[in-house]
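Residue numbers (this note's numbering), protein chains in the order written: chain W, 6 to 312; chain U, 103 to 337.
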């Protein structure tokens, strides 16, 4: 049978046990879009006007958390509630890793998605939130396939890379996207009798290892996050198989947020058309300065939080 | 008309599951060609059927204007050469303006309220009652026979879904959802000449009936009097 471009994530296969079509459905509706970190109502409106498909309500953008230090927690309720009032697109918010009470509070507020995020200071040294118990969907970061499948096993409805937040440096997001795809390719040629052993090595739930081996894709969408600072960065991660893009400090840390936001939306929608990306690059404001990975001590790397 | 050529608007939203459904219809010989991902005006050439997917309606409208697709879609639909099927955000865009963002295309004589059930925690799935009239080809909806079969069940997934708050006289209801005992069922899928609009996501289930019905009815010229001004490029 002739095949056109096969869909990447999960549409053609029944969902594995424990996954929820309504939660994953919203992740699918966000595909091809840009989700922007915002800290004020004004920023949320700029994001919506620029074509963002959702906003992430935060107290501080990751680059400021990095600079200022201290314990980073769930945003103030007032900030989230005001942003929910100001825009009609979905509003997401972050909870600390393992902090299921912050998550319950965010669910009660009616946020549309919770990011259990390594950008905030982790609350539990061992456990992530048991996400299946919630009605609100969760997105979690993953650096590799096994981490991705552990989070899906806990009930995450969307994955994202753990690109080094607040750096304006795309290298880690690219590393995670490439690694996950390489591991999916390897698994899809692993014969069935070797998959249990592979699940043991990966430390990942067997039924999800089976799913990936059979379908050659993750059961939930995987977006790029961390380090996206320019329209070209956004197009790069899309070309590498990310299905949408989170942009944190890259927009409101740039010299002209309106222009940068609109240009990143444009480049994400037409990531395979270099002429459109060139135009978007021309229209953008100056990008944030950024940090190289070498300048960040191991202990301060956010991707190391969670497992 | 030969076999239809169908595509999906792929600017933002849940386009891939629609492409997968259309690929199945190509595989069984219903479509003339593999489904087309529509991102630019030139992608519309030769296309007879286009799906506007779910996603964020404000984002999709922004991108339709940015890439100069809005006027092209409307012109092709009005000329009777392009049938349109909007799901969720796509359905919102096909309807009439209600004073909220985004500006609507105003092609369908109906008005949809956005996020009418609430936020994501209020999203749900439900069994629907679906009645697809037998296609006669080329006819106006009102001349179409009453359905040839009893209503059948269809699994509907509603994600931050809109709701039809007004439906014009020339618009036919094809699927409904039971709300509460004693209340009349609410419309969730409607058709007009050359148009189909639903508030749920048939592309997320493996049931091909609605997609098949859409692509096997040829595009039609909307009747005179249903021509509403299209939204200007500014929202």
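Ideal placement from N, C-alpha and C gives every residue a C-beta, glycine not left out.
From a predicted model like this one, the values you see are computed outputs, not experimental measurements.
Only buried fits residue 29 (chain W), as 16 or more other CB atoms lie within 10 angstroms of its CB.
Counting only residues of its own chain and dropping the five nearest sequence neighbours on each side, residue 189 (chain W) has a CB closer than 8 Å to the CB of 150, 217, 221, 222 and 223.
Under the DSSP assignment, residue 156 (chain W) falls in the alpha helix (DSSP H) whose first and last residues are 150 to 159. Within the region 261 to 285 of chain U, contact with chain W at the beta-carbon level (separation under 9 Å) is assigned to 261 and 262. Within the region 35 to 121 of chain W, the runs of alpha helix (DSSP H) that reach at least 4 residues and sit entirely inside it are, in chain order, 46 to 54, 67 to 73, 82 to 91 and 105 to 114.
Considering only beta carbons, the part of the region 107 to 120 of chain W lying closer than 8 Å to chain U consists of 112, 115, 116, 117 and 118, in chain order.
The C-beta of residue 270 (chain W) comes closer than 9 Å to at least one C-beta of chain U. The alpha-carbon separation between residue 305 (chain U) and residue 122 (chain U) amounts to approximately 8 Å.
For residue 296 (chain W), there is no enclosing alpha helix (DSSP H), as DSSP marks it with neither H nor E.
Any Cβ of chain U closer than 9 Å to the Cβ of residue 53 (chain W) would place that residue at the interface, and such an atom is present. Of all residues in the region 178 to 198 of chain U, only 190 and 191 come within less than 9 Å of chain W when Cβ atoms are compared, listed by chain position. In the three-state reduction of the DSSP assignment, residue 227 (chain U) falls in the strand class.
When beta bridges are read from the DSSP output, residue 176 (chain W) appears opposite no residue.
Judged by DSSP in its simplified three-state form, residue 187 (chain U) adopts strand. For residue 202 (chain U), no pairing in a beta bridge is given by DSSP. The beta-bridge partner set that DSSP reports for residue 145 (chain W) consists of W:121 and W:164. Contacts between residue 311 (chain U) and chain W, judged by CB atoms closer than 7 Å, are missing: the closest CB pair is about 17 Å apart.
Taking residue 195 (chain U) as reference, the option from U:186, U:206 and U:187 with the minimal CA-CA separation is U:206. Contact of residue 140 (chain W) with chain U is assigned, a C-beta pair being separated by under 9 Å. With a threshold of 9 Å between beta carbons, residue 256 (chain U) makes no contact with chain W. Note: residue 228 (chain W) is bridge-paired with W:165 in the DSSP secondary-structure output. By the C-beta criterion, the region 187 to 206 of chain W is judged not to be in contact with the region 260 to 271 of chain W, since fewer than 3 inter-stretch pairs fall below 8 Å. Counting along the chain, residue 138 (chain U) sits inside no alpha helix (DSSP H); it lies in the beta strand (DSSP E) bounded by residues 138 to 140. Neighbours of residue 259 (chain U) across chain W, judged by C-beta separation under 8 Å: 26, 27 and 30.
Residues of the region 153 to 168 of chain W with a Cβ closer than 9 Å to any Cβ of chain U: none. Taking a C-beta cut-off of 9 Å against chain U, the contacting residues of the region 37 to 70 of chain W are 37, 38, 39, 53, 54, 55, 56, 57, 58 and 59, listed in chain order. For residue 257 (chain U), the uninterrupted beta strand (DSSP E) run begins and ends at 254 to 260, by DSSP. Within 8 Å of the CB of residue 235 (chain W), no CB atom of chain U is found; the nearest one sits about 18 Å away.
Assignment of residue 268 (chain U) by DSSP, reduced to helix, strand and coil, places it in the strand class.
By a beta-carbon distance limit of 8 Å, residue 247 (chain W) contacts residue 228 (chain W). Their separation comes to about 6 Å. The C-alpha of residue 208 (chain W) lies about 11 Å from the C-alpha of residue 158 (chain W). Setting aside the 5 residues that flank it on each side, residue 253 (chain U) is surrounded in the same chain by 231, 232 and 233, each with a C-beta closer than 7 Å to its C-beta; the list follows chain order. Chain W places no beta carbon closer than 9 Å to that of residue 104 (chain U), leaving this residue out of the contacts.
In this structure, the straight-line span from the alpha carbon of residue 219 (chain W) to that of residue 210 (chain W) is close to 14 Å. Between residue 154 (chain U) and residue 215 (chain U), the C-beta spacing is not below 9 Å. Across the structure, residue 320 (chain U) and residue 267 (chain U) are spaced so that their CA atoms are roughly 28 Å apart.
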